Amino acid sequence: MINVVLFGPPGAGKGTQSQNLVSHYSLVHLSTGDLLRAEVTAGTPLGVEAKKLMDEGKLVPDEVVIGMIEGKIKQHLESRGFVFDGFPRTVAQAEALDFMLMKNKMSITCMISLQVPEAETTARLMKRALEEQRSDDNEETIRKRVREYLEKTIPVAEYYRSKGRHNAIQGVGAVLEIFKRITEAVDKSVRSQES
Ligand code: AP5
Numbered sequence: 006m007i008n009v010v011l012f013g014p015p016g017a018g019k020g021t022q023s024q025n026l027v028s029h030y031s032l033v034h035l036s037t038g039d040l041l042r043a044e045v046t047a048g049t050p051l052g053v054e055a056k057k058l059m060d061e062g063k064l065v066p067d068e069v070v071i072g073m074i075e076g077k078i079k080q081h082l083e084s085r086g087f088v089f090d091g092f093p094r095t096v097a098q099a100e101a102l103d104f105m106l107m108k109n110k111m112s113i114t115c116m117i118s119l120q121v122p123e124a125e126t127t128a129r130l131m132k133r134a135l136e137e138q139r140s141d142d143n144e145e146t147i148r149k150r151v152r153e154y155l156e157k158t159i160p161v162a163e164y165y166r167s168k169g170r171h172n173a174i175q176g177v178g179a180v181l182e183i184f185k186r187i188t189e190a191v192d193k194s195v196r197s198q199e200s
């Protein structure tokens, strides 16, 4: 089983590279951003509350996203593994994920931390704003998303570093070049955990 945490600031390419990982290793994609946007589209009470926070660039409460991920893991226990995209985003989420996986005799294979300068991520998101309608892709909200990332999410990198699971990957360049770097890191982690 391969369980990858794809980590990085808003616009780092987590969603893009998740799709590649899912196809390459036949994994299940779990994106808390996508799950929350589905709730918003469906107009559920959770979606209504989440939308307010997402439009302000703030994180949704831990218990909400942990509950969503737990439900999805239970639905796919027979899978070859998971790509966690945009989750965990706080140390409490990381601890909860480890606990959920442990209960099911699983663990994180590796964390891929995409390294992309803020000027590049902002440029990508502003370009996407012209092509797609994501209500949080505007200059002010992007700034707030980055602030949340720096304050609450960066400590997650240290959490995985302390467990020997952290892999920093240069996230600038062609999508397939970056993907090659990611698969090299994933394959190396798999081999080291098999030996
Ligand atoms: P989420 O949906 O996770 O958004 P995000 O982290 O801000 O990330 P993005 O989806 O904007 O970027 P990405 O890194 O996936 O990059 P992508 O591949 O799309 O979260 C949204 C909100 O939901 C949060 O703000 C929060 O409110 C809430 N939320 C979600 N998860 C949560 C959690 N766990 N806890 C609490 N709250 C949570 O690429 C971006 C653009 O760049 C695309 O247009 C793409 O085509 C382009 N691109 C990708 N790679 C390259 C490349 N190599 N070169 C040039 N362009 C590229």
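Counting in this note's numbering, the sequence shown runs from 6 upward without gaps.
Note that CB positions come from ideal geometry on N, CA and C, so glycine has one too.
Predicted, not measured: the structure shown is a model, and the values here were computed from it.
Item, Value
"Buried or exposed: which applies to L82, given that a residue is buried once 16 or more other Cβ atoms fall within 10 Å of its Cβ?", "exposed"
"Measure the CB-CB distance between V161 and A101 and report whether it falls below 8 Å.", "no"
"Note down the Cα distance separating K149 from R139, rounded to an integer number of angstroms.", "15 Å"
"Check the C-beta distance from V9 over to F89 and give it rounded, since I have them as a contact under 8 Å.", "7 Å"
"Would you kindly work out how many angstroms separate the C-alpha atoms of K185 and A17, rounded to a whole number?", "16 Å"
"Tell me the residue span of the beta strand (DSSP E) that contains F89.", "G86 to D90"
"Where does R3 land, buried or exposed, given buried means 16+ other C-beta within 10 angstroms?", "Because the chain spans 6 through 200 in this model, residue 3 falls outside it and cannot be assessed."
"Would you decide whether G13 is buried or exposed? Buried here means 16 or more other CB atoms lie within 10 Å of its CB.", "buried"
"Three-state secondary structure (DSSP) at M111?", "coil"
"Assuming contact is defined by CB atoms lying nearer than 8 Å, are I74 and L35 in contact in what I supplied?", "yes"
"Taking S23 as the reference, give the member of F104, T188 and E199 with the closest Cα.", "T188"
"In angstroms, rounded to a whole number, what distance separates the CA positions of K132 and S200?", "44 Å"
"Check whether the Cβ of M107 sits closer than 7 Å to any heavy atom of ligand 1, and report yes or no.", "no"
"To which residues of the same chain is T37 closer than 6 Å at the C-beta, ignoring the five residues directly before and after it?", "V70, G91 and F92"
"Helix, strand or coil for N172 per DSSP?", "strand"
"Let me check you understand the geometry: is the CB of V53 closer than 7 Å to at least one non-hydrogen atom of ligand 1?", "no"
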